[in-house]
Structure formats: C-alpha cells, structure tokens
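Sequence order for the protein chains is S, D, L and B. 295 is the number that the working numbering gives to position 295 of the first sequence; each next residue is one higher, with no gaps. 433 is the number that the working numbering gives to position 72 of the second sequence; each next residue is one higher, with no gaps. 987 is the number that the working numbering gives to position 265 of the third sequence; each next residue is one higher, with no gaps. 1105 is the number that the working numbering gives to position 22 of the fourth sequence; each next residue is one higher, with no gaps. We put the beta carbon where it would ideally sit given N, CA and C, even for glycine. Below: one structure, written as structure tokens.
Number of protein chains: 4
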Amino acid sequence: MTQRPPLSKLDLVPLRSITLGGHEISRRKVIETAKTLRTNSGLFDDGMLRAARQALSAYERNIRPGSVAGCGRAIDKLATRANLSSETNARRIIHRFRRDLRLFARRNRLHRVVVIHVASTEPIKKLSAIHESWAGLSRALATRRTSPLPASSLYAVAAIEEGMPYVNFTPSLGVDVPAIRELAAASGVPIMGSDGKTGETLLKTVLAPMFRERHLKIESWVGHNVLGNGDGRILASPANKAAKLRNKDRVIAAMLGYRPQTRTSIEYVESQYDWKTAWDRICFRGFLGTRMSLQFTWQGSDSILAAPLVIDLARLADYHAERGRGGVMTHLACFFKSPMGGREHGFTAQVEMLHRYVAAN
Amino acid sequence: MTQRPPLSKLDLVPLRSITLGGHEISRRKVIETAKTLRTNSGLFDDGMLRAARQALSAYERNIRPGSVAGCGRAIDKLATRANLSSETNARRIIHRFRRDLRLFARRNRLHRVVVIHVASTEPIKKLSAIHESWAGLSRALATRRTSPLPASSLYAVAAIEEGMPYVNFTPSLGVDVPAIRELAAASGVPIMGSDGKTGETLLKTVLAPMFRERHLKIESWVGHNVLGNGDGRILASPANKAAKLRNKDRVIAAMLGYRPQTRTSIEYVESQYDWKTAWDRICFRGFLGTRMSLQFTWQGSDSILAAPLVIDLARLADYHAERGRGGVMTHLACFFKSPMGGREHGFTAQVEMLHRYVAAN
Amino acid sequence: MTQRPPLSKLDLVPLRSITLGGHEISRRKVIETAKTLRTNSGLFDDGMLRAARQALSAYERNIRPGSVAGCGRAIDKLATRANLSSETNARRIIHRFRRDLRLFARRNRLHRVVVIHVASTEPIKKLSAIHESWAGLSRALATRRTSPLPASSLYAVAAIEEGMPYVNFTPSLGVDVPAIRELAAASGVPIMGSDGKTGETLLKTVLAPMFRERHLKIESWVGHNVLGNGDGRILASPANKAAKLRNKDRVIAAMLGYRPQTRTSIEYVESQYDWKTAWDRICFRGFLGTRMSLQFTWQGSDSILAAPLVIDLARLADYHAERGRGGVMTHLACFFKSPMGGREHGFTAQVEMLHRYVAAN
Amino acid sequence: MTQRPPLSKLDLVPLRSITLGGHEISRRKVIETAKTLRTNSGLFDDGMLRAARQALSAYERNIRPGSVAGCGRAIDKLATRANLSSETNARRIIHRFRRDLRLFARRNRLHRVVVIHVASTEPIKKLSAIHESWAGLSRALATRRTSPLPASSLYAVAAIEEGMPYVNFTPSLGVDVPAIRELAAASGVPIMGSDGKTGETLLKTVLAPMFRERHLKIESWVGHNVLGNGDGRILASPANKAAKLRNKDRVIAAMLGYRPQTRTSIEYVESQYDWKTAWDRICFRGFLGTRMSLQFTWQGSDSILAAPLVIDLARLADYHAERGRGGVMTHLACFFKSPMGGREHGFTAQVEMLHRYVAAN
C-alpha cells in the first residue's frame, strides 16, 4: 500500500534503508525457511533466492533468542534455539530483550528500530487487576516467579521502554493491556495492533458492509480455513486456535449491528504448506424473506500476503515516530482484524481513515 | 436501502401511497407472472400471493400497450399484447405514451408519476449526428418512417416531456442520449441510469476496490452467469446480450485503473427460472509476483434483488423532484452498473455519495 | 433405485402395500414435523402436504415410545414422549419393543415387518468381552442394571428375536455386534448396515476410485459439512459427532489403498434447517509431481436424499426375507457408508454387486 | 495407468526404450516450450529441466514439418516452420509423411512406430460420399487440388499405410472416417480415438452414472472452462471450438438416457497459461421433485494430465500390434471423450473393459 498513491507521497523510509533483525525461538536458519517455502510452497523462484542469499545471511546474524513465556505447549516444542523455558522472571527477559534491541541499533547504526510481532499465536491470556495499571504490572514483572505476561507482551514492554514503536501483527495479547497502553501513552511511543488482516477476514470486511448497506439480512456465515504452515501447526492446538478464531468471528457482528449465526473453523493440513484456502458460505435473506447465498474460495499464500503489510507497517510506524507522535496509531486500522482504539471494521472506511491521515501530513 | 438509516430519515413518499402502472408488450397477466414465480422459482408463499391478489388486479388495470421499436427480433416475438410492430413513427408512439401517463395520473389522482424502465435488454443502438441535439432529434422523431430511438428512449422522451422523472434500470439506451439529456436539463426533470446493480456486478464493485487498495494486481477476472427467466431468454440472443455484457465487463477496468483480462458470459438455462447463479474467478498476483486466486458463486433471485431497488429509486426520484430539482441524479450511482454523470464505480464510495446527499437535505 | 431397471424387475412389495409405524422419543407429531419441513426448509408443496395428511395421521397412531439407552445427554434432552430414562434394564426394553412390533403387525394385518433404524447418532460404544457371544450378551441384557447396549442395538435384538429383518441406516452401533450377528445368523434373519450413503460420502465413493484408477495421488481431502436439522443439533455434541465423522473419514483410505491427510468436520447452523451443504477440497499430484485440485459444493436436503433409500431398503430386505434368506445382506452395500461384511466402498462396484444379485434372482 | 496393477503386469515396452519424434508446424523449439511451461505455468522444476535437456534435443532432431490442411485460419497463423500452406495435394503430403515415418524408424533402429495425434483442434469437417469407401477416397486424395481430408486424417492414412498403429488424442477428425477405418481393418492396423479424457469430462463420466443409478434427475449441467495455453488460443476461434464442445457436451445425455439442458463453454484467458479451470454446476431433482445442486471446480494442468495418458496409449497400442492384432482398440475407451466403436461412456465401466482385456492377455 505504501508503494501506490496516496501513501507513496509520504516521505517514508526507503526500502533499501531498512535492516532486518529479530528474536526467534527455533534454531532453524532463515535461509532454510526460505528454501523450504521455495520447494514446498512454490514461492519465489531460484533467481530470487540467489539474489536474497546475502541479505538473509545478514538478517540471520541479527537474530537473538526469543521467549516462550505463556506460549503454551505447542509452541514450547518449537523452542530449539536455546534453553528458553528455564528463564522465568519477566523483568529479566525484558532486560535481555532491551539489550538485544539496543545492540541491534548500535551495531547497524540505525536511526530507529520498529518492533513488529509476527510470532505464532499464543493461547488466550486472561487479564486481572495487576494488568490495570503500569505501577502494579511493573511490580509483578519484577517480583513474580512466573511471568504475568506472555512473550508477545514482554516484547512490547521492552520496545516501549526503549522508545521504539511496537506493532502486534498477531492475535496474541501484545500491547493490548491497559497497563502497557498506559506506559506507551506516558512514553509517547506509537503502538498498534492486532492481528494482520490478510485474507479471509479482509474479504469479510468488504462483503459485510455491502450486505448491510443493501439491507440484505445475513442468517449465517460459515468460514472454513485450511492451512499447512508453522502457524497452522500451532493453531491445531485448541488453546492457541481459540485466540485466532475469536478475532475472525466477531468482526462480522461488529459490522452488521446484529449477530448472525457464525462458525469459523481452521484445519491444519500439512501438505498445504504456506497456502491457505478459505471457504466461506454466507446465507442471507432479501426482499420478502427470500433466501439467497454467496460462497467464496480464497486461495492465498499466508506469508506472501502478510509480508508487504509488515513492511508497510514498519514504514508507517517509523514515519509516525519521526514526526514525534505517540499513542495508538488508529489510522492504521485497515491492516488489522481487531484494530485497537476504533470500532470501524469496514475495509473501505478504514482505508479512508488512512487517506485522511496522509492528507493531513 | 430507504428503510434503514440514514435514508429512512428522509421525508420520502410512504410505501402505501404508491400506485403501480406500466407499459407492457405481452398479453400475460401480472397475476399469472406472480403465480409462475411462485411455482417455478419458489418465491413468495401462498399467503403472500393471496394477500397481493387485489393489488395485482389493480395494477393490471393500469397497464397499457408498450412498444418494441428497436428491440430486436427476440423481443418482437414476445409482443402479444397488440399489433405493436406496425406502429413505426416515433412521435406518434411518444404521443400515445404521454397520453397514457397523463391518464394514469388523472384517474388515480396522483401527485407525481415516476417512470422506471425495467424492460428486457435491447440490442446496442449506435448514435449518430441526429442524436447530438434535441432540435435535430426532435425533427427526426417527427419525420422519419422508422424510429431513430429504441423503445427505452421513447419512454424517456415521453416522461420528460410530461415533466416526470425517468430512471433507466436496464442496459438499454434509455436517457443516455445527448439530445435527451439536453431536453431533461432544459425541462428541469430528474433523470438517472443505467442498469441496476443487483448481484454479480455489485460484488465486483466491492471486491475490485479491495484488490486496488491492497495493491494486488488482477491478471484475469472471469464471470459466468446462468439464468432462466424472461430476461435470460432475451439475453440468449447475441444482439441483446452484447449490451448487457458491455456494462458487466467494463466496470472492472474503470475501478482498477488498468485493464486485466476479463471475460463475462451469460448462459440461458430455462430450468433455473428466476434464479441467477454467477461464478466468478479472479486471478491476481501479490508480493514477489505470487499468483493467488479468489472465486465466488452468487446465487440470487433476479426479481427479488431488483424489486426493492426499483422501489427505492421511485421514492428517491420523487423526493428529488418534489424539491424542485432536475438533471442527472448522480447521488444515486450506487444503484447502477453504469451510473450516468460520474466515474465512481466502487460501491462503498457510491454509498457515501448518497449519504452526503441525505446529510445535505 | 427400486423404481428403475434392473431393480424394478424384481417382484418387490408394491409401495401402496407398505404400512408405516415406529418408535419415537419425542412427543412431536409427525404432521408437525412435516409442516416444519415445509415452512423452514421449503420441501414439498402445500398440495402434497394436504394429500399426505391422512397417511401421516395413520402413521402417528402406529408410533410407540422408543428408548434413549446409551444415547448420550444431547439425545436425552429430546425425550419428551415418556419417562424413558427411568427404564434401565435392557431385557425389559427389548421385551416392550417386541410386544410393540407384534401388535403393530397384528393390528395392521401385515405379512412382514422390516425394522429400519433412522434415529439420531449415538456416541461411540466400546465393545467388551460380553459382546462377543450371544450367550454372554444375553445374560448381561437380563441381569445388568444399566443396558450393555445402546438403543439402536436393543431395537436390533428385538427385531431379530421376532424374526424381522433389521437395517441400520445410522452410524450408531445397531447390529454391528458379534453377539447380535451370531443371533441373526442362527435365526436366519436378514440384517444390514450401517450409515446411509446419501450425499458427501456418496460423492467420495465415486471420486476416489477415479483418482485411484488414473494414478493421481491424493495428498489431502478436506470435507466441511454444514447442516441445521435435528440430526445436526445432536451432532453438535462432540460425543455423537465422533461416530459420524469416523465413517465419513475412513472411507477414502479404504478405497485408495494409502492414507492421505483427511479432515472431515461438521457444523450445526440452525438456519440451514434440513439443507446440508458439504464443501470438499481434494489436493492431488499428477505427472511429475504436479499439484492440482478439485473442490465441490454439494447442496442437498438430508431427509429428501435419505427417504427413498429407506424405502428401497425396506422393499429389498422384505424381498430377501420372503425368499427365506438370512444373514448379512452384502448386496446392499451401495446404500451404506460402512457396509457390513464387505470391503468394497466404490459406488459403481457396489451397484454392480446389487445388479448381480438381481440377475441371480 | 500402465504403472499400476493390473496394467503393470502386461509385458509392455519399457519407458526407456521409447524414442520420441513428431511432425510440427511451428518453428518453436521443444526446449523453449518446456522452459515456457516452467516459467509461465510453474510446471516441473529446474532440476527436471536440466535432466531432460539432452532428451529434448534428441527429440528435436526427430521433428519434421507437419501440415495445416483443413486446420482453419487460427492454426494457419502458427505455421512458421515451413511454407506449409502452399502444399495442397493430399497424396503428396501423405507421401512425405510416410517417408518421414520410415526414416524416423530406420535412423533410430526402432522396432515399431506408434503415431499419436496431439495437435490443436481442427474445425469440424463434414463428410460426403467420397469418404465412404477407401477406393473413392484414395482416388480423391490423389486427384483433388485441395485435400479432401484435414491434417489429422492425412497423418492417419500415412501411419496406416506404413502399418503403424494410429491414435487420435484430439477432437479432430483423424481416423473417424469410414474409408480410413476400412483401410485400417483391411491392413490389420490398430487404431483408436478420439479426444483424450483428461479433466472436466473425466469427472462428468464418473458423476453422471452416480446420478443415473441413484435416480436423481438432472435438469441442467453447465460447464465453463477457462484455459490459456496454445490449445486455448486455437479454441478461441469459433470454428475450432465447435469440434471440442460437441464432444464435451454429448457425453452426458449418452450416459443418462435422457437429455438435460447442457451448456458447455470455453474461454481463452492467456494468463492462465497451461492451467485449466473448469467450473461445473449440476442442478437435479430428487425425491418429491426437490431441487438440489452440485458444483465443482477442477484446477489442472492440461499438459500434465494429458502426457501420461499419451504414454499409456503408446505402450498399449504397441502391445496390441505386437500381438498381431488390428482394428479399433475398443478396450482403450477409458482414455477418450468419444471412444470409437463403443457406446459406454461411464469411466468405471470403461476401466473394467480394460481390466478384462488385461485378464484375457
């Protein structure tokens, strides 16, 4: 989106000025992941892989061990990079992350670091009183034996404390904690989330407004997703799947203003690799109660759909911070299934919010 | 759409104050058509039919013979109501129509008549120099042995000369003639068209903007329509089909700003009756040139989708005229595949144009 | 199938000679069920309902209270007809069923009664040593406080002990118990099951052989079913759903000779009523490992697909018994998802088995 | 099919003993075609291409100029290999082909040559009295200025006169001429055709028997095909398309025994390259006239589906000739949309015919 008008008019960081780094729990090399995407999923071509080899090696050198705090057993099993599960105190983990981020910036002589969370979906984390204020949470982070926050939120705290913008591209908790939002507001750090709107839900948010405006009453909306990549393997675990489905499902009622019967399901089918097939069937009633239907099949590569949005978000978060602004970046709602700080889910309306931001800058 | 906010806030004519009348070329009774829709297409229920019987009889009494001028042989064959094809001079036909319209208004003590064209699709009519100005066209209407305009446009001239708003819900020529638009502007009569956006094209105009905004490059968009009602039978004739396909096809390029490979086809399958099934397959390229696809199947009743839009248009045209306004009603673009006087095809953007009209009234 | 050649050549009981009766757990009247199917699902027409009214009343008079033994809590809740759950001794229930069956035959002066099980799916029942021989099971039926068999099997025992053919049209246990098969063999009573092959699985059993013969290697077969009738409500309960999915899933590997990734799921969506929509996606590899796919959407009325098969089975079981034959009716495999006594799942091959039976009779 | 039981038990020519040659009208190199399939359609992988390079060069050396007689203007335009259209006398063309075939066999020290026609579809050729007997046709081939046969049939005559088996894998006329069949019978040369059953029609021939056996009455069967390869470009020409559609359409009525409404259409969409997408929608009536439907989308690579069938046919035709047999190879019906010499279209029944042939050999 940042490559075409009107966003291309903004003075965004050039693509070639971006340096990649990250936290990772698996020992698998980035170049191996890329090769596997090539072989199993048919993405890229051999020429692209060759051209990217050096850049991927440079990326690899900027990767540090992540955390599996509160990620559930399905994710625990993937943590081959280091003895991550023995590390339990939240403040220590945050401390480690902050040092990693500072070193990454210093060694690469970076003007700014933007942290974007793209890890596999964590189980739903229930919040309690200690999550209400930063004072309380801060104390719990320091003193509790086990972390009161899942990994996605520990990365958020580390980023914000370092003054770096944080964006949560997953359904995990991330920055969506009153105490952390308080910290971000107080620090003037831009934040946003959650859950990148890449495929099936994107379609939902253009179709549901159409039914609403035409006064066609939706009776049921059934969505069935089949995917086979690492995210899919994690989502085969019911605890992790619950967080994902919650976002996919509640979008529709939010846009319609009433609650049709919705059923969203996800199946992990390994031989699909990075390809996600979504089948949706929408039954609706028109004039005189007549029953009609729409069904669609969406066939997309999960990584390929997500990657350009992550790049867009990095550039737009950097741009926002560069202008000295902080807080929730509500103008980025069109990138998310559950946009923070706003109730608008319709994609076109969200795009207009972004266009208005551009016009005002 | 006029039953829900914000349109429901307008002071529109109440539904019960509307009286139906029309021009028709077939001898078939309205009540018979309704019964056939019930039996073959499964629309309504027996209770609705019984409740509507009296209203349909009243409607029947307000029906006068139409015209088949320039409608092609497929439509000629349906003209069982009177010896319509012997009538050739355009001005005489217009004269007859005007008298019908005046009598309809007088006998039913109507405050205003709105003319909405809903006849089967005419073959494409090529315009020439005489269609450029009302002076020239007016002369040709009076003097030429065969009509220089198809029926849809004769109805338009009759309506406008009577000061009645005219809306073209079909792909036929209607009011889309420079000379007739000149007449409407001069007379201060509201006009609009053309081709009601009921199903497949409605979907196109919410999906294409999504692909555009996400910078997903559409390579091909194939649409295949299957339908079995009277309109379908006429569209089985290649001359009539051409007009329909033109509108369905060009919408996409207009919204994208480039021209993907598009193929739209229509098949007449009698046993489908009033049900239209549209299958669309969209192939697009995402990040790094990756090929992905979306396909959808839309299953709707053509009449049931069109009817409420026709009612909405009648009420909104009446409202516009009531406020003394004339000319092209560009704020009604969201109802049409080929909206006059505007280049916006995206449905959501069109709906906003309508909402702005409401807000300003 | 019995109305067309070659089955129509058999000397089967005429349709008008068949009298309906049954066991039922709900207090709901048959005529009410029929009316609801008319109103909610759009089945039949008003004329058919009127024509059937008298026959349905006669049927209603032949209905006796059933049993919910081993049916699980989801089915227990539907048992409004009598205080069924207080009845626990299996032999007493069987005794009651046998008397019902005898009285039904006597009062209606019937030449033969065929029992066909069409109740909602029971949870999977694990078998143990007592189910291995009729001697052991017979003792357990008489002495145990709670029934060692679910209702579907109690009906089977009652039917066989009365010398009446028994057919299990559901995925429930029914006659698929070594001890009961022993009893049927010893008594010379025809039996068959299980699980009527009406829709999605029928398609699987014509498509899978095609892939097998063309040497196209199936990687994954995902099936997603959406339905809204009473059966669907019961299948929303995980225990009951398990039995159903087991049959739907294992059919494919049995036909292919290898085990592709299969995922079959069922969602209960009330507004679908009696209509079942199945979406299946089959990914396969052809020459040189090329990945290709087939997807289909099946839209059928569950009751309408099942009813004629139940009539066929009644006539064919009666025919078999009339000729003095007993045991497993393997020639009826084409009617079942899990045909007893045979490993052939391919539909065409099963139909040929039936045709050979016809030719030999 | 020849790689798996029971066909794998036959003593067929080993794959490595097969030498490729052919007639071609375009100057394009085989290796270029393979590369284009790799790049545009994503077939094979780079390793396969490298491994095949030498074999493709050897193949290229065995390619001789073909003919465009009776192929229509769409195919004429592709004839870049030589000045083919100036050559008009049929006997001379046949003479040239025969010499090519003999030289191909001699230079490669081949035991037998099998000719399989895989060229683009020719327009429908109407037969007349001269096509009834070989005496008459033979005279016309020698004396007429323009060929009384299209290229597909000239190849057939050349092959048969050389005693080489001929198989027509296309909808073109080929060997389906009484006079040529007479020649083949008299010469004891095996022949077969026509039109390889690769995708959509294959599905039709497993689904239609299912509907027939279950007594589900098909009202309409609509098939829409989208493809983008060279064959597709030729089929964009109405004359060539007609031959193709005839075969695709008439299969259904042949299997059902009645004639439902069928509509089969083909659209050329260049960006689909070698991938063919077929969407079919089948509307049928079940018990009590209830309307139900099945729709499927088939996504396959045309070349990849055809190639293994062509290899199978070469091996099976060689096997038949090796055993000294000639005439129409009716046991190969399962490979064809319009199998010669047999009225069985059901795929499973056709496969059994082939299995019976294997058992008898």
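Per the contact definition of three or more C-beta pairs closer than 8 angstroms, is the stretch 81-96 of chain S in contact with the stretch 16-31 of chain S? Contact between the stretch 16-31 of chain S and the stretch 81-96 of chain S is present, because at least three Cβ pairs lie under 8 angstroms.
Would phenylalanine 1418(B) count as contacting chain L if we go by Cβ distances under 8 angstroms? Not an interface residue.
Where arginine 285(S) sits in the DSSP three-state scheme: Assigned with DSSP and collapsed to three states, arginine 285(S) falls in strand.
Through-space distance from proline 728(L) to aspartate 1002(L), alpha-carbon basis: Aspartate 1002(L) and proline 728(L): Cα-Cα distance of roughly 32 angstroms.
From asparagine 240(S) to alanine 151(S), what does the alpha carbon distance come to, in whole angstroms? Cα to Cα, asparagine 240(S) sits roughly 14 angstroms from alanine 151(S).
Asparagine 608(D), enclosing alpha helix (DSSP H) - first and last residue: Going by DSSP, asparagine 608(D) is part of the alpha helix (DSSP H) stretching over 599-617.
Answer with yes or no whether the minimum CB distance from aspartate 46(S) to chain E is below 8 angstroms. No chain E is part of this structure, whose protein chains are labelled S, D, L and B.
Could you tell me whether the stretch 1013-1023 of chain L touches the stretch 1374-1385 of chain B, where touching means 3 or more Cβ pairs closer than 8 angstroms? Contact holds: three or more Cβ-Cβ distances are below 8 angstroms.
Does asparagine 762(L) come out as helix, strand or coil in the three-state DSSP assignment? It is helical.
Positions along the stretch 1350-1376 of chain B whose CB lies within less than 7 angstroms of some CB in chain L: Of all residues in the stretch 1350-1376 of chain B, the ones placed with a Cβ closer than 7 angstroms to any Cβ belonging to chain L are Gly1369, Phe1370, Leu1371, Thr1373, Met1375 and Ser1376, in chain order.
Given that a residue counts as buried once 16 or more other Cβ atoms are within 10 Å of its Cβ, and exposed if not, what is serine 428(D)? It counts as buried.
Report buried or exposed for isoleucine 988(L), applying the criterion of at least 16 other Cβ atoms within 10 angstroms of its Cβ. Buried: at least 16 other Cβ atoms inside 10 Å.
Using CA coordinates, which residue listed in Met292(S), Met329(S) and Val351(S) is at the minimum distance from leucine 404(D)? Of the candidates Met292(S), Met329(S) and Val351(S), the residue whose Cα lies closest to the Cα of leucine 404(D) is Met292(S).
Check whether the Cβ atoms of glycine 230(S) and phenylalanine 335(S) sit closer than 8 angstroms, and answer yes or no. At a Cβ-Cβ threshold of 8 angstroms, glycine 230(S) and phenylalanine 335(S) do not count as neighbours.
If the cut is a Cβ gap below 9 angstroms, which residues of chain B does glycine 300(S) touch? Within chain B, no residue comes near glycine 300(S); the closest Cβ sits about 15 angstroms away, beyond 9 angstroms.
So what does DSSP say about valine 719(D), is it helix, strand or coil? In this structure, valine 719(D) counts as helix in the three-state DSSP scheme.
Once DSSP output is grouped into helix, strand and coil, what is the label at arginine 453(D)? Of the three classes helix, strand and coil, the one that applies to arginine 453(D) here is helix, per DSSP.
Taking C-alpha atoms, which residue in Arg1398(B), Pro1261(B) and Leu1256(B) lies nearest to asparagine 1330(B)? The shortest Cα separation from asparagine 1330(B) among Arg1398(B), Pro1261(B) and Leu1256(B) belongs to Leu1256(B).
Helix, strand or coil, according to DSSP, for alanine 639(D) in the structure here? Correct three-state label for alanine 639(D): strand.
Quick check: the Cα distance between alanine 184(S) and leucine 967(L), rounded to an integer number of angstroms? For alanine 184(S) and leucine 967(L), the distance between alpha carbons rounds to 49 angstroms.
Between the stretch 571-603 of chain D and chain B, which residues of the former have CB atoms less than 7 angstroms from a CB of the latter, in chain order? Close to chain B, meaning a Cβ-Cβ distance shorter than 7 angstroms, are the following residues of the stretch 571-603 of chain D: Glu580, Ser581, Val583, His585 and Val587.
Counting only beta-carbon separations shorter than 8 angstroms, does methionine 985(L) have a partner in chain S? Before going further, note that residue 985(L) is arginine rather than methionine in the sequence given. By this cut-off, arginine 985(L) is an interface position.
Name the chain S residues that come within less than 9 angstroms of glutamine 776(L), Cβ to Cβ? Within 9 angstroms of the CB of glutamine 776(L), no CB atom of chain S is found; the nearest one sits about 31 angstroms away.
Status (buried if at least 16 other CB within 10 Å, exposed otherwise) for leucine 732(L): Using a 10 angstroms sphere on the CB of leucine 732(L), the tally of other CB atoms stays under 16, which defines it as exposed.
Which two residues bound the contiguous beta strand (DSSP E) that contains leucine 1052(B)? The question about residue 1052(B) has no answer, for chain B in this structure spans 1084 to 1444.
Between lysine 1300(B) and the rest of its own chain, which residues show a CB-CB distance below 7 angstroms, the 5 nearest in sequence each way excluded? Short of 7 angstroms from the beta carbon of lysine 1300(B), and not among the five residues preceding or following it, lie these beta carbons of its own chain, in chain order: Phe1367 and Arg1368.
CA nearest to the CA of glycine 1011(L), picked from Gly136(S), Glu162(S), Arg73(S) and Asn40(S): Minimum Cα distance to glycine 1011(L) is reached at Asn40(S).
Identify, in the order they occur along the chain, each residue of the same chain with its Cβ nearer than 8 angstroms to the Cβ of threonine 1085(B), setting aside the five sequence neighbours on each side. Around threonine 1085(B): Ser1091, Leu1093, Leu1095, Ile1394, Asp1395, Arg1398 and Leu1399.
Delimiting residues of the alpha helix (DSSP H) encompassing threonine 731(D): This structure does not reach residue 731(D), given that chain D is present from 362 up to 722, and the question cannot be answered.
Do you know how far the Cα of threonine 1431(B) is from the Cα of valine 928(L)? Cα to Cα, the separation comes out at about 9 angstroms.
What three-state label does DSSP hand glycine 1306(B) in the structure shown? In the structure shown, glycine 1306(B) sits in a strand (DSSP, three-state: E or B).
Tell me glutamine 1137(B)'s beta-bridge partners as DSSP assigns them. Bridge partners of glutamine 1137(B): none, in fact.
Determine the DSSP secondary structure at threonine 394(D), reduced to helix, strand or coil. The three-state reading of DSSP puts threonine 394(D) in helix, counting H, G and I together.
CB-CB under 7 angstroms to histidine 692(D), same chain, minus the five flanking residues each way: which ones, in chain order? Same-chain partners within the cutoff: Met714, Leu715 and Tyr718.
Report, in whole angstroms, the separation of the C-beta atoms of leucine 588(D) and tyrosine 527(D), which I expect to be a contact under 8 angstroms. Going by Cβ atoms, the distance from leucine 588(D) to tyrosine 527(D) rounds to 26 angstroms, so no, they are not a contact pair.
Going by beta carbon distance, what residues of the same chain come within less than 6 angstroms of methionine 1247(B), once the five residues before and after it are set aside? Same-chain partners within the cutoff: Val1196 and Val1198.
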